[in-house]
Amino acid sequence: LEQMPLSPNGKLDRKALPKPDANLQAREYVAPQSPLEQQVAQIWAQVLEVQRVGLKDNFFELGGHSLLATQVVVRLREQLHSEIDVKSIFTTPTLAEFCAHVAAQQTNISPVQDALAKSLEALKRLSAEDLDKLTS
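Everything in the sequence shown is counted per our numbering, starting at 6 for the first residue and increasing by one.
1) Check whether the Cβ atoms of G59 and V35 sit closer than 8 Å, and answer yes or no.
2) For Q97, I'd like the list of residues in its chain whose CB is within less than 8 Å of its CB, leaving aside the five on either flank, ordered along the chain.
3) Taking DSSP as the reference, what is the three-state secondary structure of T140?
4) Roughly how many angstroms separate the alpha carbons of F64 and L22, rounded to a whole number?
5) Under the three-state reduction of DSSP, which class applies to L125: helix, strand or coil?
6) Is the shortest distance between the beta-carbon of T112 and the beta-carbons of chain D less than 8 Å?
7) Report the option in R19, V79, A46 and G15 whose CA atom is closest to the CA atom of L61.
8) Do L73 and L100 have their CB atoms nearer than 8 Å?
9) Let me know the secondary structure DSSP gives T96 once reduced to three states.
Take a look at the structure:
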């Protein structure tokens, strides 16, 4: 890209930017192995709108940016019930590094936190009538 495309008001025209070319990546594709790696790779692929994501792939080299990183983290928080920080994508940008970070965080969950998370999930599944019975 010789010049950044600008809108009529002089700002960067993101829509006019070319999509990242997956063929330019010289990295060898290494398929995700663990269930966590597969889950995160699927989310990255959906958010980044790419065919596949391998362990050596870098989030930002695939076209990621801070807003997309936020989308990834929101989806992972919902699916993993884990407090993942957006900053972690910036500090561990490859899929392998990021998954290792997430796995390490998950093992740091205390038994009390785990029990609370399970209790909250059970409460979410209760009907309004069941909740009334519990609080009466």
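Backbone N, C-alpha and C define an ideal beta-carbon position, used for all residues, glycine too.
According to the structure data:
1) yes
2) As written in the sequence, residue 97 is Thr, which differs from the Gln given in the question. Excluding sequence neighbours, T97 sits near F103, A105 and H106.
3) helix
4) 17 Å
5) helix
6) You won't find chain D in this structure, because it holds only one protein chain.
7) The question names Leu, but residue 61 in the sequence shown is Lys. Measuring from the Cα of K61, the nearest candidate turns out to be A46.
8) no
9) helix
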